[in-house]
Structure formats: structure tokens, C-alpha cells
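Mapping of the sequence shown onto numbering that gives the first Met the number 0: position 366 corresponds to residue 365, and the numbering continues sequentially without gaps. Backbone N, C-alpha and C fix where the C-beta goes; we use that ideal spot for every residue, glycine too. Since we're looking at a predicted model, the values are computed, not measured. Read through the structure below, which is laid out as C-alpha cells, and then see the notes.
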Amino acid sequence: MLPIKDNPTTTDSEKPLDSTNTASTKMDKNSFLVLAALGGDDGLEEESGKSVVEEEVTNTEATTTTSKKKNAKKKLAKQRKKQKDHEAKMLKEEEDKKLSDPEPITAAAADEEDMDGMDPNGKGLKEEEEKALPMMGSKLSNPEPITAAAATTANEEDMDSNGKGLKEEEEEEKELSMMGSELSNPEPITAADEEDIDPDQFRASRLKMVESLKNSGVNPYPHKFQVTMTIATYIRMYETLGAGERREDVVVSLSGRIMQKRMQSAKLNCYGLSEFGGSEVQIMVDISNSDLDVTEFTRFHSCVERGDIVGVTGFPGRCQRGELSLFPRSFVVLSHTLQLMPRGKAGPRGDNANVKETRYFQRYLDLVLNKEVPQIFSTRAMIVDYIRKFLKNLDFLEVETPMMNMIAGGGNPFITHDNDFNMNLFTCVPPEVYLKQLVVGGLERVFEIRKRFSNEGIDLADNPELTICEFYEAYADYYDLMAQTEKMLSDMVMELTGGYTVKYHANGFHKDPIEIDFTPPFRRIDLIEELEKMADLKIPEDLSSDITNKYLLDACIKLDVKCPPQTTAWLLNKLVEHFLAETCVNPTFIIDYPEIMIPLAKSHRSRRGLTECFKLNINKREVCNAYTELNDPVVQRQRFAKQLQDALLGESRPLDQLLEAYCTALEYGLPPTAGWVLGIDRLTMLLTDSHTMKEVILFPPLHGAFT
């Protein structure tokens, strides 16, 4: 979710300008002079050479100056030298005026006498250069404009190395500005411009700059900046402004991260200001709205880098080209980036150029650079919020149960150690036995949103640490829960997407997406009947017999379905995955599972050997399951013992303490109850078009990486 940035003490964001308002940092001349000093003893340029600030500015600008600007500078210097040589030659020729009137110098004569002094058309070089100089910018092949700020930097470099005078530098600055005057829309610095920047040098330069600010008495990390609205709100409020329209009577304060930087000229800079969620607005910084002169203005903004977090206070409007902008009167850097900010990927989501493991390990950069990533986790949060709201509206009580226990409770657990009790604890504890004990105690509708741990491997749709929602409702059965599931999911999809259909790139982003339709009612298929039809089987009625086990094992071998361990429950499960799940693209209930597969489910009221259980499959994967709960303690003990015997490949042993405690609770009486569990991670994958569970977990486990 987007962080709330609205000012709680401000009821009207469009308040009149107040020159005495100190909530935002005033961009006055003195404060920027201090900021520009960057650590020098007096902040002023010395006669003998560059000050610290000039070194910082030169270093910063040197990393962003393009090769095209440098070439233009060299060409201009070369033209000047040729012009001076020509003028000297012309003076010498004037001294030889005593000679008789010569014939006009032709191109041929120029070739023989002085190729440097004349052009092939017989024109003087000076005349030709006077025409060519203003046109140099247009003759360059797609040059980036050379701004006054860039020319100023070049002049300062020449003064130190070549000893040029101030007047000569000003003339050069003027000429360089003219060369790019015809290009009114310069492109932002691209990734190619930053290829030569060394990250270590960049960091060292930025550290030096921050230290210089501290030495100058400027806090480079202010404690507070009062924001009046988010960038997304700003865009909604002022999107109706026309091109060139400005609201100078309105004060707005925005904050965000600089993701684009364009130096239009020595007096105008443009920034792209972005916030979580991808909303971005242009910040057009004009020297006319500040108290700084050109030098101070240039020096300050040369220290602002992509990745800096800034606060700006100004008025809304659109530039002449029509782009919505904020025109700041105050501009303060709230946090300086010390690392060179990578550029975001360009192209389709499936072509993400960033290494995926790096994206997951540095999720903070992934959130900054890839705009769809914040949307994934905003959607995930909305899914959780919707489920919680849905259940609370049905009078469910949210509870918490233990994450660790002395008993593993099934599965392959994660193990930790309690030093106080000097004993091992296990994290793989299902909440089911705890939640149903609460129903026994009179809490008739309870739910929990929690982590579930399973130390059994990682794949595209599984993770050792999952988020689930589990609830239990007294006096309900699995038919009631099918209806509730249909309503919850279909209404959720409608609220999040505006319709019942979602697109999912099941076959990759380079192929057309499939459509998943959540329109209720969902399809329902009977497990045994559909499996016999699709696999051409005739499964024996007694599913617990050895005959059935051998029949299913032979069928799996014949159909090339691999299944370790070869228990009847696992054989059936593999056949269901192989045949039935593959047909479940739209939400589909697979109903009436055998008792040997679901030991905690109540026997079917009319079908021997089956249970009142369903599993909801979407896009061929299980997302949710539920059943009418078994509340007979005698039968429950028998089911647990059989399941344990199968797990130990025929070895019998007593029930563990956790299951025994649960059966004891059942002996006090569990009312007719139905239970339900949903995998939030898998549902989020479907609703965010994500192919791997790592995409929907902020910090997934990574091999060999510290997370």
C-alpha cells in the first residue's frame, strides 16, 4: 500500500502562498551558498586554483557530460586556432599591398598557395567560419544540446589548464550555447552515458560531498519534511490543467525519489519525481523562482543525482508542451544516494534484464526500478485485506495459534532449540488441531492468517514458508463452504479488476495469455467418476484394501506416472494431478475425496469410503481445500493410526502427544463443523500474472544468499 503522506493537520491542500512558512526549506540565497560550499574553508574560489566545490561539481558533471559535447568543444577550439592563424596571414598580406593589383584568388590558386586560408569556392576562411559557427549544432548528427551549465564547466576547466581570461570564457560560453539553441527538447541522460562511470569513484565522490555539507553546517539528512499529498493524488487533482496553465496561488509539497534528471539550460532543470507504486511527476526547476544566481543555481543542481530523495514545495501547472509539472519555490535533498542508481529495465515484463536472484536479494532496488513490482505487493495486501474483511463480516473471530511446538505434527519440520527448556521445538505444526479445539470451547467461528512451514523443497508454486488463511465454522458443511468460496473469490476478483475474468500468461510472456473466468458458480467434478473416465480405470470399491493398492500401482506403471511412496493415498493423488488437475483452468471443485486421502474429514453421508471434501483448482493448481470435519473421536483415532502406519511403511506406533490431545478434546464434543484453508501466495500469483512464487514474496529464500 502506498504510505499515507497527506498532512493530517491540513484540511485544504490548496492554501495560499505564505512567505513566512518554515515547514518547507526556503530556497534562499544564503542557504544555497552554504550548500554550494561543499566543505571549503570559506566556500569561495581562490586565485591559485579550484575550490573544493569546483572539484566536486567538476567530478559530478564530468561523469554525466556526453562525448558529443566534448567533440563540439574541441571543434570550436580548433576553429578558433585556424581563425587566429588566418588573421595573422591576412595582416602580412596587407603589408605587401605595394604589389600591383592581383587577380582574384581562385580555388586552384588556393590549393597551390594556402589551403588553410581559403575554401574551394574562393571565399575567405573568416567569412566562411562566421557562417559556419552558428550552424555547427545543426550539422552534428543528433547531438545532445550543450547547455550553459556544461559550457561553464568547460570554461572553468580551460581556465585552470590553459589560463584563459574571463572575457574569452564568456564569449566561448555564448557560442557554445548558440550551437545547441535550435534543440529545444534535450533527451535525458541514458544508460549509455553512464557506462563509463565507475561505481566506486561515484560513491567516493558522493561521500566527500556529504561530508563537505556536514562541515559547512548543513544537515544532509533533514529530520522532517511536511508533505501535503502523494504524487498519485497530485496527478488526480491537477490532471485537468491545460498546456501552459499554472496555479501560482496554490502551495503543494511533494516528496519522492529522483528517477530522471535533465539539465535543460543553466537556468532550467527538469526532474522526474517518483513514489512507491510508480506514480511520477515532472519537477521543473526555474531559476526565476529562486533567489540564486546562475552560478549558485548550477552548482546546487549539479549535486542532485538520480536516486536522491527530495522534498519540493511549489505550485502546480503544465509546461508549454503540456506535461503536468510542479514548479518549486523550495527544493531540498532529504537523503543523498551514495550508490550509482541502476536504470530500470526496458521492454516486456518477461524480458527483465536484471538478474532475478539479484532482484530478490536487493528487493528494495527491484521496487524502485520495476514499476510492476510494487503493484504486485499492493495487490497481495488487498487480497489479504479482502479475506479478513469478508470473514469478519460473517462474524468470524481472528485468533493466533502457536507457530512452534514440542511435537512436529507431521511433515518434514524445521527444528530450533529452546535454551530455557533445553529442548528442540518444531515449526511444522498445522493450526487445524488448535483451531478446532477453540470450536470445542465455544468459539464457533474462528480464523487465522498465518505462516505455514514445510521443509520439503522449493519449486515455482511452493516455498518452505507460505501464507495461508484457515477458518472453522460450526453448524456448516462442505456445501456451505463451496458457496462461500465462490462468493469470496468472484467478488474479490470483481473488486480488484473490475470484472470476473483475468488474463494470465500461463505459457510465457511472449505468448498470448489465457483467460481465467471466476464467474460463479464454479465447475464441480467427482474425483472417482472423472478419474475412471479419463484414465479408463475401474477402481475397486474398498479403497483401503491391498487389491486396490496393487491395481492403482499397476495403472501408474502403465500410464508412466511416477509415485513414491507407493501408498494408496499417494497413488490416487498422483493420478488426480496427472489427469484431473490438467483440465482445471477455470476455478473447479474436485469433490468427494477417499477417506484414506483425508483422515480429518467426515465420511460422506451417502457414499461409502468417501469424504465430504473438496479441493479448488485454478490454472491446474490447488489453491483451496475444505471439508466437513470428522467429530467422532473413536473414528478419528483409527484414522490417525492408519495414516501413521502408512507413513512408517507398515510400522505401528502410538499417536504423538499433539494428536492425542486433539482426540481428547473431541471427546468433550465438537459440534458439526466445516473447515477451510486457502493459499494466499498461489492466489496472488494468479491475480498478478506471476509465474513463480518468489515474485509474490518480498524476501524469498535464496540459495547461498543472506536474506
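Q: Please confirm whether arginine 256 and isoleucine 308 have their CB atoms less than 7 angstroms apart.
A: yes
Q) Helix, strand or coil: how does DSSP classify arginine 328 here? A) strand
(Q) On the CB-based measure, 16 or more other CB atoms within 10 Å of its CB, does serine 544 come out buried or exposed? (A) exposed
Q.
For isoleucine 589, tell me which candidate among Gly608, Ile617, Thr566 and Ser602 has the shortest Cα-Cα distance.
A. Nearest C-alpha to isoleucine 589: Ile617.
Q: On the DSSP bridge assignment, give the partners of proline 593 in chain order.
A: Leu609
Q: State yes or no: is the C-beta of proline 327 within less than 7 angstroms of the C-beta of tyrosine 237?
A: 7 angstroms or more divides the Cβ of proline 327 from the Cβ of tyrosine 237.
Q. Thinking just about the alpha-carbon of each residue, which of Glu529, Ser324, Ser602 and Asp490 is nearest to the one in glutamate 244?
A. Taking the Cα of glutamate 244 as reference, the smallest distance to any Cα among Glu529, Ser324, Ser602 and Asp490 is reached at Ser324.
Q: Would you mind sorting proline 198 into buried or exposed? The rule is 16 or more other CB atoms within 10 Å of its CB.
A: exposed
Q | Same chain only: Cβ atoms within 7 angstroms of glutamine 565, ignoring 5 sequence neighbours per side | A | Non-local C-beta neighbours of glutamine 565 in its own chain, meaning closer than 7 angstroms and more than five positions away in sequence, comprise Leu552, ordered along the chain.
Q) Applying the criterion that 16 or more other CB atoms from any shown protein chain within 10 Å of the CB defines a buried residue, is aspartate 680 buried or exposed? A) buried
Q | Helix, strand or coil at methionine 283 [DSSP, three-state] | A | strand
(Q) Quick check for students: name the residue ranges of the beta strand (DSSP E) that lie wholly in the segment 245-279, counting only runs of 3 or more. (A) 251-264 and 267-273
Q. Do you know how far the Cα of leucine 267 is from the Cα of isoleucine 696?
A. The C-alpha of leucine 267 is placed about 42 angstroms away from the C-alpha of isoleucine 696.
Q: Can you tell me which of Ala664, Phe508 and Phe517 puts its alpha carbon nearest to the alpha carbon of valine 501?
A: Ranking the options by Cα distance to valine 501, first place goes to Phe517.
Q | Cross-strand partners of alanine 660 (DSSP beta bridge) | A | BP columns for alanine 660 are empty, so no partner.
Q.
Among Glu322, Lys693, Leu629 and Thr582, whose alpha-carbon lies nearest the alpha-carbon of leucine 665?
A. Selected option, being the one with the closest Cα: Leu629.
Q.
Taking its Cβ as the centre, do 16 or more other Cβ atoms sit within 10 Å of threonine 415, making it buried, or is it exposed?
A. exposed
Q | Within 7 angstroms, strictly: CB atoms of alanine 568 and isoleucine 538 | A | no
Q.
Using a Cβ-Cβ cutoff of less than 7 angstroms, which residues in the same chain neighbour leucine 364 once the five nearest sequence positions on both sides are dropped?
A. Pro341
Q) With DSSP run on the structure shown, which of helix, strand or coil describes proline 15? A) Confidence at proline 15 is low in this model, with a pLDDT of 39, below 50, so the placement of that residue should be treated as unreliable; the coordinate-derived value is given next. Proline 15 carries a coil assignment under DSSP once its states are collapsed to helix, strand and coil.
(Q) Tell me which residues share the same chain as glutamate 621 and place their Cβ nearer than 6 angstroms to its Cβ, disregarding the 5 neighbours each side in the sequence. (A) Lys614
Q: Within the segment 426-507, note down every full alpha helix (DSSP H) run reaching 4 residues or more, in order along the chain.
A: Qualifying alpha helix (DSSP H) stretches, in chain order: 431-439 and 477-496.
Q: Would you grab the beta carbon distance between phenylalanine 470 and phenylalanine 395 for me? Rounded to a whole angstrom, and I think it's under 8 angstroms.
A: 6 angstroms
Q) Among residues of its own chain, excluding the 5 on either side of glutamine 374, which ones have a beta-carbon nearer than 8 angstroms to its beta-carbon? A) Gly276, Gly277 and Thr687
Q.
How far does the alpha helix (DSSP H) with threonine 232 in it extend, from its first residue to its last?
A. 230-237
Q: Compare the beta carbon distance of cysteine 612 and proline 632 with 7 angstroms and say whether it is the shorter of the two.
A: no
Q) So, is alanine 131 buried or exposed, given that buried needs 16 or more other C-beta atoms within 10 angstroms? A) Per-residue confidence for alanine 131 stands at a pLDDT of 40, beneath the threshold of 50, marking its modelled position as unreliable; the derived number appears in the next sentence. Classification of alanine 131: exposed, given that the 10 Å Cβ count is below 16.
Q: Name the residue from Leu609, Pro700 and Glu431 whose alpha carbon lies nearest to the alpha carbon of isoleucine 448.
A: Glu431
Q.
For aspartate 591 and lysine 450, what's the separation of their Cα atoms in angstroms?
A. 28 angstroms
Q: Please list, in chain order, all residues of the same chain as glutamine 635 whose beta carbon is under 7 angstroms from its beta carbon, the five residues on each side excluded.
A: Leu629, Cys662 and Leu665
Q.
Quick test of the definition: if touching needs 3 or more C-beta pairs under 8 angstroms, does the segment 527-541 touch the segment 570-582?
A. yes
**Q.** Coarse secondary structure for methionine 684, derived from DSSP in three states
**A.** Helix, per DSSP.
Q: May I ask you to verify whether the segment 226-242 touches the segment 257-266, counting CB pairs closer than 8 angstroms and requiring at least 3?
A: Touching, no, given that fewer than three Cβ pairs across the two stretches are closer than 8 angstroms.
Q: Would you grab the beta carbon distance between leucine 253 and valine 226 for me? Rounded to a whole angstrom, and I think it's under 8 angstroms.
A: 7 angstroms
Q) Taking Cβ positions, are serine 489 and proline 519 nearer each other than 7 angstroms? A) yes
Q. Can you tell which of Tyr626, Leu658, Val428 and Met402 has the C-alpha that lies nearest to the C-alpha of asparagine 411?
A. Answer by Cα proximity: Val428.
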